[in-house]
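One structure below.
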Amino acid sequence: MKNYANMNNLRKYGNSPFSLAVIHGGPGAPGEMAPVAKELYALGGVLEPLQTATTIEGQVRELREGLEEHGDLPVTLIGFSWGAMLSFIFTARHSHLVKKLILIGSGPYEEKYAARIKKTRISRFGKEDLENFVRLTETLNDPSAKNLNETLCNFGKLMSKTDTYDPFPYEDEVLECNYESFKGVWEEASELRSRGKLLEIGKEIRCPVVAIHGDYDPHPFEGVKEPLSRILKNFKFLLLEKCGHQPWIEKEAKEKFYSLLRNEI
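Residue numbers 1 to 265, in UniProt numbering, belong to the letters of the sequence shown in order.
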């Protein structure tokens, strides 16, 4: 049975009031949070904004406009990966619009943890996948290359091999890969983090914050737990065992993940 409505850059699951919003990662991977939205809409209406802007400011503005138009404010924001970091920035700037912030598989908030992501992924590759990783990375770093949206999709599929622990068979629900969004937003985000500004922004957050992270996620959980514990007054960290980057596809962690998530909503 169809349980959602498509709108411009936003999908709705269930019925009003829409007090939950799931924020996808990438940047440039709209649609990937659909399975979580479908699981949660029985608890209340869920919004799934689909970010298209190529700057952080643009994505913050898109998110604000979507929530103000369709959400039952203040909402609970559930951000995944880059979407967790975007939700973190958004909540700091628009605290009156967010009742609670839940971060799933977030990227690290300090630069010293970031290099471990690539190192961990490389250590998990076989020879063929490592060669593909090098080739795709070189292509993504070449602005004159063609078919960059397709290359970004292929890169994401390759990363899923290193980022999962023991996944169920699953369908990738990313609607499209947007290289321009990925490049523009991630360059800004990397600079914010390297200059210490990303963490500084978070000092403006007043609502409760919960981070849920897999222990097998290449994004080191210490890079979320330790920095945010220092700056947030109301922060809880939950670590899932035998769990990679996307808890909802993991055989060992899916049930526990949704149980934790429902308890926190």
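Just so you know, even glycine gets a beta-carbon here, dropped at the ideal spot from N, CA and C. Source: prediction; values computed, not measured.
By Cβ distance, which residues of its chain are closer than 7 Å to residue i, with the 5 residues on each side in sequence left out?
i, result
"phenylalanine 182", "Gly26, Pro27, Gly28 and Leu152"
"asparagine 132", "Leu158"
"glutamine 59", "Gln51, Ala53, Leu86 and Val185"
"proline 108", "Ala114, His219, Pro220, Gly223 and Val224"
Can you name, in chain order, every residue of its own chain whose Cβ lies under 6 Å from the Cβ of residue i, other than the five neighbours on each side?
i, result
"glutamate 111", "Arg193 and Ser194"
"histidine 245", "Gly105, Asp163 and Asp217"
"methionine 1", "Legend: pLDDT at methionine 1 = 30, less than 50; position of this residue unreliable, no value from coordinates given."
"glycine 31", "Glu173, Val174 and Leu175"
In three-state DSSP terms, what is residue i?
i, result
"phenylalanine 168", "coil"
"glutamate 250", "strand"
"threonine 120", "helix"
"glycine 83", "helix"
"lysine 127", "helix"
"methionine 33", "coil"
"isoleucine 134", "The identity of residue 134 in the sequence shown is valine, whereas the question assumes isoleucine. Helix at valine 134."
"phenylalanine 221", "coil"
"proline 143", "coil"
"proline 227", "helix"
"threonine 52", "coil"
"glycine 25", "coil"
Taking the DSSP output, what are the residues bridged to residue i?
i, result
"threonine 76", "Leu20 and Lys100"
"phenylalanine 235", "Val209"
"glycine 214", "Leu240"
Please state whether the Cβ-Cβ distance between residue i and residue j is less than 8 Å.
i, j, result
"leucine 97", "leucine 67", "yes"
"glutamate 264", "isoleucine 102", "yes"
"lysine 38", "threonine 76", "no"
"glutamate 191", "aspartate 215", "no"
"glutamate 250", "aspartate 172", "no"
"proline 74", "leucine 10", "no"
"isoleucine 117", "histidine 219", "yes"
"arginine 206", "serine 95", "yes"
"tyrosine 170", "leucine 148", "no"
Taking the continuous alpha helix (DSSP H) assigned at residue i, which residues delimit it?
i, result
"proline 49", "That residue, proline 49, is in no alpha helix (DSSP H); its beta strand (DSSP E) goes 45-49."
"glutamate 62", "56-70"
"tyrosine 109", "Unbroken run through tyrosine 109: none, as it is neither H nor E."
"alanine 189", "179-194"
Excluding the 5 residues preceding and the 5 following residue i in the sequence, name in chain order all residues of the same chain whose CB lies nearer than 8 Å to its CB.
i, result
"arginine 121", "Phe133, Met159, Thr162, Asp163 and Pro218"
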